[in-house]
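Asker: Right, I'll just put the structure down here and ask away after.
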Ligand SMILES: Cc1ncc(COP(=O)(O)O)c(C=O)c1O
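In this note's numbering, the protein residues as written are 16 to 360.
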């Protein structure tokens, strides 16, 4: 049988484990829209408790979780403040404008930098010519910046300011679990500084599908309506929620293994000719590698590695992204290093 590829493209590529599949098959379900689905309700409660929020809504994807929050907090014509390379503004296909009539004021650059000073300078005055600033978005960890953890101090400073200015804060916490494990700061602590938070089960946590959007009181009511409008309220979704629940209960602490492997990957690839990495900046499970080789740009190297059974993602002309997860281990790193070494030497 042919060897399956070593897939470092994303932590979204994981396949449900045997236990997860069994739990999915055996989940007790109901019509979540008509009378509620008991497994979805268990997941929503567990996720809300984990985040210290009043409630949570199960949705199909991280994109929908973020877009539910944007729709719930804003009105058409409003402006949101968001990091320049945040998923919400860079990788959601213009949904903020397409779905909700929003424009984005972006701050910072490729390093994921985001600070109170940057945010403060972007808030619009109350003036008939200006769009109202109605939401500030954070991202933890920052995908494009290579899984960087936004310091707790930034949460504290921005939330102090936002609360005074009465501007809600949304956290794209697709990989919040990675940040919690890497920093030792609990997800609850990060979440206590924001008004809504999304969390993906289909990334490092290893479920095949599903995210939640969590928050309190009136936000949840508005979010329920937006989820319905987006078609994200599902029926016997307990089969999916069972996988997500298993992921939340069992796969958080092990993220430390992914982080250690990512760091090794950065160290070992950085030692190869024509590749540059910054191992000290690898805090979680994402590694950005600069390809400075005369014979390859990022696309050409990814194609050559694919021929050797190693899949990676180009992110820019000279930038490759590697992500570690449940379905890659030391043997895959070995395979990657051997293939890259023979191509680049
Ligand atoms: C930071 C971040 N937010 C949101 C998402 C969207 O998740 P989904 O692919 O489930 O829509 C991603 C996906 O990679 C992400 O990296």
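Cβ coordinates follow ideal geometry from the N, Cα and C atoms, glycine included.
In this structure, does DSSP put residue 215 in helix, strand or coil?
Answerer: Reduced to three states, the DSSP call for residue 215 is strand.
Asker: Going by other Cβ atoms of all chains shown within 10 Å of its Cβ, with 16 needed for buried, is residue 70 buried or exposed?
Answerer: Its Cβ being crowded by 16 or more others within 10 Å, residue 70 is buried.
Asker: Can you name the start and end residues of the beta strand (DSSP E) that residue 307 belongs to?
Answerer: It is not in any beta strand (DSSP E) - residue 307 carries neither H nor E in the DSSP assignment.
Asker: Using a threshold of 7 Å, is the CB atom of residue 215 nearer than that to any non-hydrogen atom of ligand 3?
Answerer: Absent from the structure shown: ligand 3. Ligands present: ligand 1.
Asker: By the three-class DSSP mapping on this structure, what secondary structure does residue 163 have?
Answerer: If DSSP states are grouped into helix, strand and coil, residue 163 belongs with the strands.
Asker: I need the boundaries of the alpha helix (DSSP H) containing residue 273, first residue and last residue.
Answerer: Taken as a continuous stretch (DSSP letters only), the alpha helix (DSSP H) holding residue 273 covers 270-285.
Asker: Measuring from the CB of residue 126, is there a heavy atom of ligand 1 at a distance below 7 Å?
Answerer: Flag unset: Cβ of residue 126 not near ligand 1.
Asker: With contact counted as at least three CB pairs below 8 Å, one residue from each stretch, are the region 221-232 and the region 251-264 in contact?
Answerer: Contact holds: three or more Cβ-Cβ distances are below 8 Å.
Asker: Does residue 21 pass the burial test, meaning 16 or more other C-beta atoms within 10 Å, or should it be called exposed?
Answerer: With 16 or more Cβ atoms within 10 Å of its Cβ, residue 21 is classed as buried.
Asker: Which of the three DSSP states is assigned to residue 343 in this structure?
Answerer: Note: residue 343 maps to coil in three-state DSSP.
Asker: Assess, as a yes-or-no matter, whether the region 300-308 is touched by the region 329-340 under the definition of 3 or more beta carbon pairs within less than 8 Å.
Answerer: Yes: at least three Cβ pairs fall under 8 Å.
Asker: Whole alpha helix (DSSP H) runs in the region 66-98 with 4 or more residues, listed along the chain?
Answerer: Qualifying alpha helix (DSSP H) stretches, in chain order: 77-88.
Asker: Can you grab the Cα-Cα spacing for the pair residue 56 / residue 127, in whole Å?
Answerer: Looking at the two C-alpha atoms, the distance is approximately 35 Å.
Asker: Quick check: does the Cβ of residue 189 come within less than 7 Å of any heavy atom belonging to ligand 1?
Answerer: Within the cutoff, so yes.
Asker: Going along the chain, which residues of its own chain have a beta-carbon closer than 6 Å to the beta-carbon of residue 196, five neighbours each way excluded?
Answerer: Here the set comprises 270, 271.
Asker: Does the distance from the CB of residue 313 to the CB of residue 297 come in under 8 Å?
Answerer: Cβ distance not < 8 Å, so residue 313 and residue 297 don't count as in contact.
Asker: Tell whether a beta-carbon distance below 8 Å holds between residue 27 and residue 96.
Answerer: The answer is no: Cβ separation not under 8 Å.
Asker: What did DSSP end up calling residue 291 once you bin it into helix, strand or coil?
Answerer: Note: residue 291 maps to strand in three-state DSSP.
Asker: Could you tell me which uninterrupted beta strand (DSSP E) segments, each at least 3 residues in length, are contained entirely in the region 130-192, listed from first to last along the chain?
Answerer: 148-154, 184-188, all fully within the region 130-192.
Asker: Would the C-beta of residue 77 count as close to ligand 1, meaning under 7 Å from any of its heavy atoms?
Answerer: Yes, the Cβ of residue 77 comes within 7 Å of a heavy atom of ligand 1.
Asker: In the DSSP output, what is residue 50 paired with across the bridge?
Answerer: For residue 50, which the question treats as bridged, DSSP gives no partner whatsoever.
Asker: In its own chain, which residues sit with a C-beta less than 6 Å from the C-beta of residue 208, not counting the 5 before and 5 after it?
Answerer: Within the same chain, residue 208 has close Cβ partners 170, 174.
Asker: Say the cut is 7 Å; is the CB of residue 226 nearer than that to a heavy atom of ligand 1?
Answerer: It does: the Cβ of residue 226 is within 7 Å (strictly closer) of some heavy atom of ligand 1.
Asker: So, helix, strand or coil for residue 267, using DSSP?
Answerer: Residue state, collapsed to three classes: coil.
Asker: Which residues in the same chain have their Cβ closer than 6 Å to the Cβ of residue 216, if we skip the five residues on either side of it in sequence?
Answerer: 222, 225, 259, 262, listed in sequence order.
Asker: By how many angstroms is the C-alpha of residue 346 removed from the C-alpha of residue 32?
Answerer: Answer to the nearest angstrom: the Cα atoms are 19 Å apart.
Asker: Would DSSP call residue 60 helix, strand or coil?
Answerer: Note: residue 60 maps to helix in three-state DSSP.
Asker: What separation, rounded to the nearest whole angstrom, lies between the Cα atoms of residue 317 and residue 326?
Answerer: Answer to the nearest angstrom: the Cα atoms are 7 Å apart.
Asker: Cβ atoms of residue 80 and residue 228: under 8 Å apart, would you say?
Answerer: It is a contact, given that the beta carbons lie within the stated cut-off.
Asker: Would you say the beta carbon of residue 102 comes nearer than 7 Å to a heavy atom of ligand 1?
Answerer: At least one heavy atom of ligand 1 is nearer than 7 Å to the Cβ of residue 102, so yes.
Asker: Rounded to whole angstroms, what's the CA-CA distance from residue 230 to residue 212? Just pull it up for me.
Answerer: Using only the alpha carbons, I get a separation of about 7 Å.
Asker: Quick check: is any heavy atom of ligand 1 less than 7 Å from the C-beta of residue 158?
Answerer: Within the cutoff, so yes.
Asker: If we count Cβ pairs, one from each stretch, closer than 8 Å, do we get three or more for the region 104-112 versus the region 46-64?
Answerer: Output reads no: the region 46-64 does not touch the region 104-112.
Asker: In chain order, what residues of the same chain have a beta carbon less than 6 Å from the beta carbon of residue 188, not counting five sequence neighbours either side?
Answerer: Taken in chain order, the residues that qualify are 155, 212, 213, 214.
Asker: Can you grab the Cα-Cα spacing for the pair residue 93 / residue 142, in whole Å?
Answerer: Each residue's Cα considered, the two are about 13 Å apart.
Asker: Could you give the distance in angstroms between the alpha-carbon of residue 273 and the alpha-carbon of residue 218?
Answerer: For residue 273 and residue 218, the distance between alpha carbons rounds to 12 Å.
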